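This report refers to the structure that appears directly beneath it.
There are 2 protein chains.
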Amino acid sequence: MDMAKIEFWYEFASTYSYPAAMRVDEFAKKAGVEVIWRPMLLGPIFFEQGLQDSPFNVYEVKGRYMWRDLERLCAAYKLPFNKPSHFPQNGLKAARLALAGMKEGWGEDFSRAVYRANFVDGLTISDDAVLAEVLDLVGVEPEEAFAAAFTQENKDALRAQTDEAWERGIFGAPSFTVADELFWGHDRMEQAFNWAKGK
Amino acid sequence: MDMAKIEFWYEFASTYSYPAAMRVDEFAKKAGVEVIWRPMLLGPIFFEQGLQDSPFNVYEVKGRYMWRDLERLCAAYKLPFNKPSHFPQNGLKAARLALAGMKEGWGEDFSRAVYRANFVDGLTISDDAVLAEVLDLVGVEPEEAFAAAFTQENKDALRAQTDEAWERGIFGAPSFTVADELFWGHDRMEQAFNWAKGK
Numbered sequence: 449m450d451m452a453k454i455e456f457w458y459e460f461a462s463t464y465s466y467p468a469a470m471r472v473d474e475f476a477k478k479a480g481v482e483v484i485w486r487p488m489l490l491g492p493i494f495f496e497q498g499l500q501d502s503p504f505n506v507y508e509v510k511g512r513y514m515w516r517d518l519e520r521l522c523a524a525y526k527l528p529f530n531k532p533s534h535f536p537q538n539g540l541k542a543a544r545l546a547l548a549g550m551k552e553g554w555g556e557d558f559s560r561a562v563y564r565a566n567f568v569d570g571l572t573i574s575d576d577a578v579l580a581e582v583l584d585l586v587g588v589e590p591e592e593a594f595a596a597a598f599t600q601e602n603k604d605a606l607r608a609q610t611d612e613a614w615e616r617g618i619f620g621a622p623s624f625t626v627a628d629e630l631f632w633g634h635d636r637m638e639q640a641f642n643w644a645k646g647k
Numbered sequence: 449m450d451m452a453k454i455e456f457w458y459e460f461a462s463t464y465s466y467p468a469a470m471r472v473d474e475f476a477k478k479a480g481v482e483v484i485w486r487p488m489l490l491g492p493i494f495f496e497q498g499l500q501d502s503p504f505n506v507y508e509v510k511g512r513y514m515w516r517d518l519e520r521l522c523a524a525y526k527l528p529f530n531k532p533s534h535f536p537q538n539g540l541k542a543a544r545l546a547l548a549g550m551k552e553g554w555g556e557d558f559s560r561a562v563y564r565a566n567f568v569d570g571l572t573i574s575d576d577a578v579l580a581e582v583l584d585l586v587g588v589e590p591e592e593a594f595a596a597a598f599t600q601e602n603k604d605a606l607r608a609q610t611d612e613a614w615e616r617g618i619f620g621a622p623s624f625t626v627a628d629e630l631f632w633g634h635d636r637m638e639q640a641f642n643w644a645k646g647k
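Chains as they are written, first to last, in the working numbering: chain A, 449 to 647; chain B, 449 to 647.
Below you can see the structure in the form of structure tokens.
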């Protein structure tokens, strides 16, 4: 029998995607489930729902709570966390790079490093110099990575991945899919892995 | 030392308040923490946030997901569940009754029975006849209960409780407070109890 599979859908600006990205491999190892990392863009998905900004900015009382909740969660999981100076950041370039990196084997390390840049180091992840540093950090030659990320084919592939997410009922991040079954939120990661194992 | 206390804020229309209401006592017993049940109204709290309807109706893709998620959660916790024919229901009368009942010792049983009426039996919980049946079921004389619930004092008390919720940063239900610390959602119940115990 093939190894059970789970798709992990994430966006670099998404706050709860940060703990999910840092913890998903540990869950996968424990469960014996393969994780497919699928970067996407939340902007178009929010726009389809009539949102011009993150719901955490649109609903500011909820947004205030989210930052406190995220801080508590990160403390509980011993993940470093510093509230970014601006939110949401533009994750487009980082997502293009991550998608290109998935084919080359460095997409997952790069993704985790982008989350650290955003939610720990307070860097601007839409900035080419920051992204080049992050690439360097994970042992990838920035110039080649940028070239691969900005081909029309890769840009279209990210758009298609985002469209696919929306078509499959994804409305926020992080999300997890096990075939047609959708799980939304870092809070549902454990349940999603149990589902993948058939429990 | 006094027993640790947690306040449980709920609204009868709220979907995730159903599993929270059915499970909160078990958590309290296990944790050795006192629970104070605080019925409130989400309508005014949503209105303050610019929402004229439940976010699960405003954002329909998210709403579709919520029903599936709730079904899965209830199955996992072995709670019966049937999707109500209309959502959200008007929980005003039930909340007035629950608040009056808290003083008389039947508020918690009544609250659980209202949730069952809404999310298991498919009844209309704004209907006086349904509420009278629910009161009967928990051994309360309906006429007296209605009289107590509809005094100006009790109506004002429910309004004040809802205002207090909003002032304390509550934006949805269920919510849990431990002094000034807020936890939102059935998903945070365990964390809230751990917080109350000082862990």
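We treat Cβ as the ideally placed atom computed from N, Cα and C, and that holds for glycine.
Every value quoted in this text rests on a predicted model; they were computed, and no experiment measured them.
Thinking B/A621 and B/W485 are a contact (beta carbons under 8 Å), I'd like their distance in whole angstroms, please.
-> So it is not a contact: roughly 12 Å between Cβ atoms.
Would you check if the distance between the CB atom of A/T610 and the CB atom of A/L499 is smaller than 8 Å?
-> no
Taking the CB atoms as reference points, tell me whether B/F529 and B/V586 lie closer together than 8 Å.
-> no
Beta-carbon proximity check, B/T463 vs B/L527, cutoff 8 Å = no
Below-8 Å beta-carbon distance, A/R512 vs any chain B residue = yes
Counterpart residues of B/E455 in DSSP-defined beta bridges = B/I484, B/T625
Backbone secondary structure at B/F475 - three-state DSSP | helix
Since B/G491 and A/V509 are thought to touch, with beta carbons under 8 Å apart, how far apart are those beta carbons, to the nearest angstrom?
-> Not a contact, Cβ separation roughly 16 Å.
With distances taken between CB atoms, is the gap from A/A577 to A/R544 smaller than 8 Å?
-> no
Compare the Cα-Cα distances from B/P467 to each of B/M451, B/F494, B/W515, B/E482 and report the closest residue.
-> B/W515
Rounded C-alpha distance that separates A/E496 from B/D450 | 51 Å
Check whether A/K645 and A/A452 have beta carbons under 8 Å apart | yes
Min CB distance B/W457 to chain A below 8 Å | no
Skipping 5 residues on each side, what residues in its chain have a beta carbon closer than 7 Å to that of A/S623?
-> W457, L630, F631, W632
Helix, strand or coil: how does DSSP classify B/F494 here?
-> helix
Distance cut-off 7 Å: B/L547 Cβ against heavy atoms of the ligand ADP = Among the ligands in the structure shown, none appear at all, so the ligand ADP cannot be discussed.
With 8 Å set as the bound, which would you pick, yes or no: does the beta-carbon of A/G646 sit closer than that to a beta-carbon of chain B?
-> no
CA-to-CA distance, A/F460 to A/K551, given in whole angstroms = 18 Å
Whose C-alpha, out of B/A613, B/A524, B/P536, B/F494, is nearest the C-alpha of B/G511?
-> B/P536
Minimum length 3: unbroken beta strand (DSSP E) runs contained in the region 556 to 632 of chain B = 623 to 626, 629 to 632
For B/S465, does the three-state DSSP call read helix, strand or coil?
-> helix
Please report the residue range of the alpha helix (DSSP H) in which B/A521 lies.
-> The question names Ala, yet the displayed sequence has Leu at residue 521 of chain B. Looking at the DSSP string, the run of the alpha helix (DSSP H) that includes B/L521 is 508 to 524.
Closest by CA to A/C522, which one among A/A542, A/Y563, A/L547?
-> A/Y563
For A/Q537, which three-state DSSP category applies?
-> coil
Mind pulling the chain B residues with CB within less than 9 Å of A/Y507?
-> Q497, G498, L499, P503, F619
Rounded C-beta distance between B/F558 and B/L583? I'm assuming under 8 Å.
-> 7 Å
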